[in-house]
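For the record, the sequence lines run as chains U and B.
So that you can map any letter, position 626 of the first sequence is 626 in our numbering, and since no number is skipped, the others follow by simple counting.
So that you can map any letter, position 530 of the second sequence is 1530 in our numbering, and since no number is skipped, the others follow by simple counting.
Working notes for the structure below.
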Amino acid sequence: MSNEKERTRKAGGRPPKNVRVKGAGAKDVKGTIKRLMNYLAPFKGRLILVTSLILISSVSGAASSLFLGVLIDDFIEPIMQMAVPDFSQLAKVLVLMACIYLTGILATLFYNRIMVVVAQSVLKKVRDEMFAHMQKLAIRYFDTNHYGDIMSRYTNDTDTLRQMMAQTLPQLFSSGTTIIVVLASMIYLSIPLTVLVLAIVFFMLKVTGKIGGKAGGFFVKQQTSLGEVNGYIEEMVSGQKVIKVFNHEGKTKEDFDRLNEELRENAASANVLANILMPIMANLGNLMYVIVAIVGGFLAISGISAGLTLGAIAAFLQLTRSFTMPVNQVAQQVNAVAMALAGAERIFNLLDEPEEIDDGTVTLVDAQYVDGVLTEADHRTEMWAWKEPLEDGTFRLTRLRGDVRFFDVDFAYEEGKTVLHDINLYAKPGQKVAFVGATGAGKTTITNLINRFYDIADGRILYDGIDIKNIRKYDLRRSLGIVLQDTNLFTATVRENIRYGRLTASDADVEEAAKLANAHDFIMRLPEGYETVLESDGANLSQGQRQLLAIARAAVNDPPVLILDEATSTIDTRTEAIVQRGLDSLMEGRTVFVIAHRLSTVQNANVIMVLEHGHIIERGDHDDLIAQKGKYYQLYTGAFELE
Amino acid sequence: MVKKLAGCIREYKRDTLLTPLFMVGEVVMETIIPFVMARLIDYGIDMGSMGAIWKYGIVLVLCALLSLTFGVLSGRFAATAAAGFAKNLRHDMFYNVQRFSFSNIDRFSTASIITRLTTDVTNVQNAFMMIIRIAVRSPMMLIFSVIMAFTINVKVTMLLIAILPFLAAALFGIIRLVFPVFDRVFKTYDKLNNVVRENIRGIRVVKAYVREEHEVEKFNGVSEKIFLDFSKAEKLIAFNGPAMQLAIYGFMIGVSWLGAKMIVGGTMTTGELVSLITYAMQILMALMMLSIIFVMLTLARTSAGRICEILDEEPDLTGRESGPEVADGSIEFKDVSFSYENDMNKICLSDIDLTIRSGEVVGIIGSTGSSKTTLVQLIPRLYDVTAGNLLVGGKNVKEYNLQTLRDAVSMVLQKNVLFSGTIKDNLRWGDPDATEEEMVMACQLAQADGFIRELPDGYDTWIEQGGTNVSGGQRQRLCIARALLKKPKILILDDSTSAVDTRTDALIREAFRTYIPETTKIIIAQRISSVQEADQIIVMENGRIDAVGTHEELLASNQIYQEAYYSQVKGGALSE
């Protein structure tokens, strides 16, 4: 229903980055890559440039790993043979190398700088699209998806995507090039030794894969433990005042210690494995060096392998050192790519959610009477009309009165679980219509249908005689002011929060609305008055004060129809009475829907509907219902309780 | 700050110290290995001596094994030390938070305490691991490699040393430029997350007010700012790699020229040349790592500061080690004034004079923000009075041991919270040793027994965090039962029956009258019917007592009371 529970384990902005869990790969890898490509397509020119720059940079990198061997064998050794050393050849090649290196350095610099902008542009586009799309999703999406889950697409998932584009991919590319160049040189020098190296590298990858996999398992455990500890902290610190009141600190500490110790054990296990990976890799590399030296030396000295000179072995040994590093890098980055693809897929899933359908054609316009005829006005007139396009291309204007009728409306949030049955009701313009009933009886659902947060399964809802399905949602909602039990204030000043109701409202309008909602006095007592910045949903205000602000927000909107969904539930009855009087005068002649728990809130309504299990079981005004001696009477006399 | 945090290492001191120790071993081995490798080439391969190859090969394998052992051990100890340090850090923070008074909690706000205990601890834990591993490793690597390089060839090493300051200046210069931009990026990220969070939570408000475009604009603004700042920062960072490469390649060219001459001149071997280049790489990498650590530490500094604030916070309200028992449930306010900020200019309660006899029923009513809750929170000494005196059981509340006082004063808070656990678990908060009968009895008084028995698992029903799986009225009654189990001398209900229907509400009060007549009962309510039969009713307005009297007296004389009364009965007779 409306108050979807939000269970968020993580507090604060960015989630910790050290706890990455592997294993959650993308399901449709090809599709995901294809779509990512679409995002990159506009940067085609720059990407081609980047690719060539990376190639240049990697070649110059690979050249540096080959350079030493060549330098020693082809230049230093010959010079040593000369009677009179001639360094001119060496000087030439060094200048040449300097040029190659410089080109490589410049290439690296430029591809990095270009890629940063490309990656950030793509990310901005993804973010913006995601947010804009999210705004268009039906309420249903937010009911069925966890808040933390949606959040993580903006944080974790985009971040892995950024790393992949700006760091992983270029690195993979250059590591790959290095591997190929080095491998080719190794093969050129000695095929048997190359086979030996490949076999050892294969073994190294097996070992690290195994350790990595095991570490992954512990990281999952660590993640779970961390979730538990953080969840416990959140629950207990949130209830800290209750802990104080009950002298419960001791027990709380005990439980905390247990969870904390569990987390320590799992974190230690996971990180031990992760930490020992590097020394293992490095020393396996050293071992490989020795093996190659011994085998190579044996082959050369014993003369089994013809053509394998001692110099070649020295060069080969140098190459093996340049070989293991990029191989390790590639192995590690494959994981990063898999994670980024999984993140990208989650982002695309959000983007693929179907938008809220809005095919209404009737719009809401300001209206006025000119010579007794209702016409469209180009300024705010405090009078509205529905503008309905007719088949002959003209428009019909119907004055907005706030006449809402339900005909045989059925509704289910989930297929097969009907929560509203055969609802028939009519709210005449200017009436105050109230709904009472237990939690889950369907009160909020009815109002959710009027503003089309959900679409009805069966029946019809007419608004001033027009089927609401034909009204553009934008205009339908504009005509309805809603105050919900959950206030949902935004991080902004008090003034901006009230102005949220109507962005064009002047400061005076805002203050007038605040006075009407009886919020002015307490606002003036805030440190900065109307300019006080509210944070995290107005955490520094009492629940009652937040509700008064929400009412002011609706009041400044000055809507033709107002829906109050438990809007005054935490305000004391006396203040409520004052607020009610203000709203009554504001809404005079307009329709008001009121949902309330407290019967005193609804007593003066023109019609009170008593709902039970999705049926309207009684209707009438207070006196009628008391006279009927039915459910309402029982509620009123306290024989039944509402929950 | 560092000292404070280091205090959390405690029993993990051994692991913390062993980590860099083994790390030194590993670094030594890593610097020796290239040296041996050079020997292997010079005396083994180049000379074509299988014996030398074997000799240096075995030395190399031994070195590698040692290096492996040291590396694995240092990695292991680093992990246990960091995990242990984080555990102690969390432990200390959590324990200190448990000492906090209400005003300490208010000062930090719940959300901020949670962030400090979670996200900030993780940041500092990572930084700690970095320090004991890499912050030791890199300088060591730097020093040993330089030493080794010098032993091979002084002249060439001088060339390397000459390059270093330029590179260091470049790396740290880049960081100095980038850091403020990154700092801004992170703040903007928080803002972005905040916009998203508020939009997900408040999607109904956004849609109801048709503010989708407004929100998208707001979001795009923040998103654009991230794009600009992030691009700027990363474009600057992009100079890092090339600066490194410039140094490495420059050195390689220089060393090749010099080296070639020396080799030809016979003062250097080819193997030495190779080793020199390896050492140069290691030195430059170490420098690079240092610059990265520098960034990490600067980032973690903010978190560390926020953690220390929690650790340093002293509870501003402490009771006596031991004190008298609470004699009875009488309460007396003598000229009490109170301010949350402890500032007489921002007063919330002023000049409260009130006498409540033991066993009395006292009702408190007043409008939203009239400081009703503030008034009763002083009784169990959740806050200290700013001026005046408050007596409970004939003695100043400050004379009691806090635990004794709060055991005697049971309070059901307005924001009542249940914890995840069974109903029994929750009830035992009131009395850990409560028997089954006592629990049932308390629930009967609170009119909760009936609905609990209807639940599938009865008293063993699992309550979700915050008690979200029971209705508001049920939650309130469970909270009352929990408070009753303390068998208090004073029971305070702060708007604790607002979601309970009037009939049940009346039954609860009736039960109180019958079964716990000696207990002083203070009831804050919005419903007149909840306080109507109280011995005295206090009407609060703007932090002052507007009037005190019985229902009849107030109805006859007090305007606020009359208004409240008539707003609820609206002409019709009040039922019951």
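Glycine included, C-beta positions come from ideal geometry on N, C-alpha and C.
Everything numeric in this text was worked out from a predicted model, so none of it was measured.
{"query": "Measure the CB-CB distance between Y154 of chain U and L1167 of chain B and report whether it falls below 8 Å.", "result": "no"}
{"query": "Just to confirm my understanding: we take R380 of chain U, look at its own chain, exclude 5 residues before and 5 after, and list those with CB closer than 8 Å. What are they?", "result": "D366"}
{"query": "Can you give me the C-alpha to C-alpha distance between E1321 of chain B and L1405 of chain B, rounded to a whole angstrom?", "result": "12 Å"}
{"query": "What do you reckon, are the CB atoms on I1538 of chain B and V1385 of chain B nearer than 8 Å?", "result": "no"}
{"query": "CB-CB under 6 Å to G1071 of chain B, same chain, minus the five flanking residues each way: which ones, in chain order?", "result": "E1026"}
{"query": "Inspect the beta-carbon positions of Q163 of chain U and A336 of chain U and report whether they are closer than 8 Å.", "result": "yes"}
{"query": "Check whether chain B comes within 8 Å of P279 of chain U, counting only Cβ atoms and requiring the distance to be less than that.", "result": "yes"}
{"query": "Do G360 of chain U and R472 of chain U have their CB atoms nearer than 8 Å?", "result": "yes"}
{"query": "My parser needs the beta strand (DSSP E) runs of 3 or more residues fully inside the stretch 379-420 of chain U; what are they?", "result": "384-389, 395-399 and 404-414"}
{"query": "What are the residues in the stretch 1150-1161 of chain B lying within 8 Å of chain U by C-beta distance?", "result": "none"}
{"query": "What are the residues in the stretch 498-509 of chain U lying within 7 Å of chain B by C-beta distance?", "result": "Y500, G501 and L503"}
{"query": "What does the alpha-carbon distance come out to for the pair D464 of chain U and P560 of chain U?", "result": "12 Å"}
{"query": "What are the start and end residues of the alpha helix (DSSP H) that includes S1223 of chain B?", "result": "E1212 to I1237"}
{"query": "Checking 8 Å against the spacing of the C-beta atoms, do L562 of chain U and I595 of chain U come in under that value?", "result": "no"}
{"query": "If you draw a straight line from the C-alpha of V483 of chain U to the C-alpha of A554 of chain U, how long is it?", "result": "6 Å"}
{"query": "At 8 Å on the CB atoms, spell out the chain B contacts of H613 of chain U, in chain order.", "result": "Correct list: empty, because the minimum Cβ distance to chain B is about 15 Å."}
{"query": "Does F435 of chain U come out as helix, strand or coil in the three-state DSSP assignment?", "result": "strand"}
{"query": "Residues of chain U with CB closer than 7 Å to the CB of P1242 of chain B, please, in chain order.", "result": "I105, T108 and L109"}
{"query": "Examine chain U for any beta-carbon lying closer than 8 Å to the beta-carbon of M1194 of chain B, and answer yes or no.", "result": "Contrary to the premise, residue 1194 of chain B reads as Asn rather than Met in this sequence. Chain U, which has a Cβ nearer than 8 Å to the Cβ of N1194 of chain B, makes this yes."}
{"query": "Quick one: which chain U residues come within Cβ less than 8 Å of M1411 of chain B?", "result": "V245"}
{"query": "In whole angstroms, give me the CA-to-CA distance for I1523 of chain B and A270 of chain U.", "result": "53 Å"}
{"query": "Does E1234 of chain B have its Cβ less than 8 Å from a Cβ in chain U?", "result": "yes"}
{"query": "Just to confirm, are N648 of chain U and H1091 of chain B a CB contact at a threshold of 8 Å?", "result": "Here chain U comprises residues numbered 1 to 643, so residue 648 of chain U is not present and cannot be evaluated."}
{"query": "Should S88 of chain U go down as buried or exposed, given a rule of 16 or more other Cβ atoms within 10 Å for buried?", "result": "exposed"}
{"query": "So is A1086 of chain B buried or exposed if we call it buried at 16+ other beta carbons inside 10 Å?", "result": "buried"}
{"query": "Measure how close the beta-carbons of T1520 of chain B and G1388 of chain B come, nearest whole angstrom, since I'm counting them as under 8 Å.", "result": "Their Cβ separation, rounded to whole angstroms, is 20 Å, which puts T1520 of chain B and G1388 of chain B out of contact at 8 Å."}
{"query": "Counting only Cβ pairs nearer than 7 Å, list the residues of chain U close to G1075 of chain B.", "result": "V272, N275, I276 and P279"}
{"query": "Would F202 of chain U be called buried (16 or more neighbouring beta carbons within 10 Å of its own) or exposed?", "result": "exposed"}
{"query": "I'd like to confirm the pairing. Which residues does DSSP put opposite V1361 of chain B in its beta bridges?", "result": "B:K1521"}
{"query": "Report the three-state DSSP secondary structure of R1014 of chain B (helix, strand or coil).", "result": "helix"}
{"query": "Below 7 Å CB to CB, which residues in the same chain sit around R1137 of chain B once its five sequence neighbours on both sides are set aside?", "result": "M1023 and V1027"}
{"query": "Just list the residues that DSSP pairs T493 of chain U with in beta bridges.", "result": "U:V533"}
{"query": "Inspect the CB distances between the stretch 233-249 of chain U and the stretch 1051-1064 of chain B and report whether three or more fall short of 8 Å.", "result": "no"}
{"query": "Measure how close the beta-carbons of L351 of chain U and H613 of chain U come, nearest whole angstrom, since I'm counting them as under 8 Å.", "result": "In fact, because the Cβ distance is near 39 Å, the residues do not count as touching under 8 Å."}
{"query": "Helix, strand or coil, according to DSSP, for G465 of chain U in the structure here?", "result": "coil"}
{"query": "For C1443 of chain B, which residues in the same chain have their Cβ closer than 7 Å to its Cβ, ignoring the five residues on either side in sequence?", "result": "D1449, I1452 and A1481"}
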